[in-house]
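S.K.: With this note's numbering, you'll find the sequence shown wraps up at 259, consecutive numbering, no jumps.
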Amino acid sequence: MRLFDTHAHLDDRKYDRDRRQMLKRAQDKGIQYIVNVGYDLPSSQRSTGLAEEYPFIYAAVGIHPHDASEADDEVFSKLKNLVQHPKVVAVGEMGLDYFRDLSPRDVQQQVFRRQLGLAKELGKPVIIHDRDAHGDIMKILKEEQASKIGGILHCFSGSWEMAQECLEMGFYISIAGPVTFHNARKLAEIAAKVPLNRLLIETDAPYLTPEPFRGQRNESAHVYYVAEKIAGLRKISLADLAEATTRNGLEVFGIKDHF
Ligand code: NI
1 MRLFDTHAHL DDRKYDRDRR QMLKRAQDKG IQYIVNVGYD LPSSQRSTGL AEEYPFIYAA
61 VGIHPHDASE ADDEVFSKLK NLVQHPKVVA VGEMGLDYFR DLSPRDVQQQ VFRRQLGLAK
121 ELGKPVIIHD RDAHGDIMKI LKEEQASKIG GILHCFSGSW EMAQECLEMG FYISIAGPVT
181 FHNARKLAEI AAKVPLNRLL IETDAPYLTP EPFRGQRNES AHVYYVAEKI AGLRKISLAD
241 LAEATTRNGL EVFGIKDHF
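What follows is the structure, encoded as structure tokens:
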């Protein structure tokens with residue numbers, strides 16, 4: 001069985017003491033691919049660094065809405081160079097976060113649109129962060145014709161109606177640890193209904209730790225528990241869910257299977 005953690009932040013300082021062992025645990029648990037995701041310029045640079053160091057890690061580079069205020073022309077010009085790195089497979093994470101509003105909303109929207117433009121220009125899929133901004137996310141994805149590049153709604157938290165709209169635009173839906181939580185009824189329904197060929201799994205480590213480790217630091221090995229939970233919800237075997245989501249990950253990121 002092989003698994004693909006399509007969204008993690010393993011460059012985080014929380015792994016500085018034991019990163020190598022943590023990655024070994026992931027490989028021992030069957031995780032064969034990881035995409036490490038940047039959220040600002042330094043973390044995007046660290047992501048490509050990890051991807052250079054570890055053959056099974058790929059990188060996404062981008063500016064999170066929290067950090068949108070800092071994305072000036074110089075940041076964008078450096079980001080554009082990074083996107084062309086051979087192991088960079090997506091632009092992101094990008095999007096809108098109206099829950100914490102750490103950058104003004106008009107700036108978040110502008111930086112989101114600009115990254116969609118960059119991804120279109122360079123032909124890469126996008127990784128979308130959406131928190132309490134479902135309406136504006138869909139509006140901007142449509143206005144910027146994001147269906148031309150496609151990508152991923154990461155840590156999906158919208159309704160089934162929104163999921164359907166994203167699927168129609170050619171996007172993949174990625175489910176993270178919260179699907180294992182006892183009160184995750186709506187998300188569980190969506191995880192069971194998304195067509196199997198458009199479903200992805202992720203950890204968002206070090207955040208969103210799934211049961212039975214909720215409350216502790218998350219790590220890529222734990223994507224196993226997300227897979228196990230969704231397989232149960234869909235009444236298919238863990239092996240089938242793991243293989244399908246791994247193939248989908250390879251497909252959306254355009255990674256040539258090296259096994
Ligand atoms: Ni993330």
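Backbone N, C-alpha and C define an ideal beta-carbon position, used for all residues, glycine too.
Are the stretch 140-160 and the stretch 115-131 in contact at 8 angstroms, needing three or more beta carbon pairs?
M.R.: yes
S.K.: Identify whether Glu-93 lies in helix, strand or coil by the three-state DSSP scheme.
M.R.: Locating residue 93 in the sequence shown gives position 93, where the first residue counts as 1. Note: Glu-93 maps to strand in three-state DSSP.
S.K.: Please report the Cβ distance between Ile-173 and Ile-201, rounded to the nearest whole angstrom; I am assuming they are in contact, meaning their Cβ atoms lie under 8 angstroms.
M.R.: To locate residue 173, count along the sequence shown from 1; it is residue 173. To locate residue 201, count along the sequence shown from 1; it is residue 201. Not quite, the Cβ-Cβ distance comes to about 10 angstroms (not below 8 angstroms), so this is no contact.
S.K.: Hey, quick one: how far does the beta strand (DSSP E) through Gly-151 stretch, first residue to last?
M.R.: Reading the sequence shown from its first residue, position 151 is the one you call residue 151. For Gly-151, the uninterrupted beta strand (DSSP E) segment begins and ends at 151-153.
S.K.: If you count every other CB in all the chains shown that lies within 10 Å of the CB of Ala-239, and 16 or more means buried, which is it?
M.R.: Translated into positions along the sequence shown, residue 239 becomes position 239. Its Cβ having fewer than 16 others within 10 Å, Ala-239 is exposed.
S.K.: Pick helix, strand or coil for Asn-36, following the three-state DSSP scheme.
M.R.: On the sequence shown, residue 36 is found 36 positions in, with the first residue counted as 1. In this structure, Asn-36 counts as strand in the three-state DSSP scheme.
S.K.: Cα separation between Ala-231 and Tyr-54?
M.R.: Position 231 of the sequence shown, counting from 1, holds the residue named residue 231. Position 54 of the sequence shown, counting from 1, holds the residue named residue 54. Taking the straight line from one Cα to the other gives about 29 angstroms.
S.K.: Of the residues His-134, Ser-237, Pro-206 and Lys-235, which one's Cα is nearest the Cα of Asn-36?
M.R.: In the sequence shown, counting from the first residue as 1, residue 36 sits at position 36. The shortest C-alpha separation from Asn-36 is found at Pro-206.
S.K.: Would Leu-3 be called buried (16 or more neighbouring beta carbons within 10 Å of its own) or exposed?
M.R.: Translated into the one-based positions of the sequence shown, residue 3 becomes position 3. Buried, since its Cβ has 16 or more Cβ neighbours within 10 Å.
S.K.: To the nearest angstrom, how far is it from the Cα of Asp-73 to the Cα of Gln-110?
M.R.: Position 73 of the sequence shown holds residue 73. Position 110 of the sequence shown holds residue 110. When rounded, the distance between both Cα atoms is 12 angstroms.
S.K.: Quick one: what's Asp-5 bridged to in DSSP?
M.R.: In the sequence shown, the residue the question calls residue 5 occupies position 5. Per DSSP, Ile-34.
S.K.: If you reduce the DSSP assignment to three classes, tell me which class Tyr-58 lands in.
M.R.: For the purposes of this step, residue 58 is taken as residue 58 along the sequence shown, with counting starting at 1. Strand, per DSSP.
S.K.: Taking the CB atoms as reference points, tell me whether Gly-151 and Val-226 lie closer together than 8 angstroms.
M.R.: The residue labelled residue 151 in the question sits at position 151 within the sequence shown. The residue labelled residue 226 in the question sits at position 226 within the sequence shown. No, the Cβ-Cβ distance between Gly-151 and Val-226 is not below 8 angstroms.
S.K.: Which residues have a Cβ closer than 6 angstroms to any heavy atom of ligand 1, listed in chain order?
M.R.: His-7, His-9, Val-37, Glu-93 and Asp-204
S.K.: Using C-beta distances below 8 angstroms, list every residue in its chain close to Ala-184, excluding the 5 sequence neighbours before and after it, in chain order.
M.R.: For the purposes of this step, residue 184 is taken as the residue at position 184 of the sequence shown. Here the set comprises Pro-178.
S.K.: Which whole-angstrom value is the C-beta distance of Asp-266 and Leu-96, which I expect to be below 8 angstroms?
M.R.: Residue coverage of the chain in this structure runs from 1 to 259, which leaves residue 266 outside it and unanswerable.
S.K.: Just verifying my parser: in three-state terms, what is the DSSP assignment at Tyr-172?
M.R.: As a first step, residue 172 must be located in the sequence shown, where it is residue number 172. Reduced to three states, the DSSP call for Tyr-172 is strand.
S.K.: Going by C-alpha to C-alpha distance, which of Gly-135, Ala-191 and Phe-76 sits closest to Tyr-98?
M.R.: The count along the sequence shown starts at 1 and reaches residue 98 at position 98. Of the candidates Gly-135, Ala-191 and Phe-76, the one whose C-alpha sits nearest the C-alpha of Tyr-98 is Gly-135.
S.K.: May I ask you to verify whether the stretch 191-198 touches the stretch 216-225, counting CB pairs closer than 8 angstroms and requiring at least 3?
M.R.: no
S.K.: Assuming contact is defined by CB atoms lying nearer than 8 angstroms, are Ala-71 and Ile-63 in contact in what I supplied?
M.R.: Position 71 of the sequence shown, counted from the first residue, corresponds to residue 71. Position 63 of the sequence shown, counted from the first residue, corresponds to residue 63. In contact: Ala-71 and Ile-63 (Cβ atoms closer than 8 angstroms).
S.K.: Taking the alpha carbon of Gln-115 as the reference point, which residue from Ala-188, Asp-40 and Ile-34 has its own alpha carbon closest?
M.R.: Reading the sequence shown from its first residue, position 115 is the one you call residue 115. Nearest C-alpha to Gln-115: Asp-40.
S.K.: Quick one, which of Ser-69, Gly-215, Ile-140 and Leu-79 has its alpha-carbon nearest Val-107's?
M.R.: Within the sequence shown, numbered from 1, the residue matching residue 107 stands at position 107. Closest in alpha carbon position to Val-107, among Ser-69, Gly-215, Ile-140 and Leu-79, is Ser-69.
S.K.: What is the DSSP secondary structure of Val-223, counted as helix, strand or coil?
M.R.: Stepping through the sequence shown from its first residue, residue 223 is reached at position 223. Three-state result, Val-223: helix.
S.K.: DSSP three-state call for Val-194: helix, strand or coil?
M.R.: As a first step, residue 194 is located in the sequence shown; it is residue number 194 there, counting from the start. In the three-state DSSP reduction, Val-194 falls in the coil class, being neither helix nor strand.
S.K.: Between Val-88, Leu-241 and Phe-213, which lies nearest to Ile-34 when the distance is taken from Cα to Cα?
M.R.: The residue labelled residue 34 in the question sits at position 34 within the sequence shown. Among Val-88, Leu-241 and Phe-213, the Cα nearest to that of Ile-34 belongs to Val-88.
S.K.: So Leu-233 packs on Ala-192, CB below 8 angstroms; how close in whole Å?
M.R.: Taking the first residue of the sequence shown as position 1, residue 233 is located at position 233. Taking the first residue of the sequence shown as position 1, residue 192 is located at position 192. The Cβ separation is near 4 angstroms, so the contact holds.
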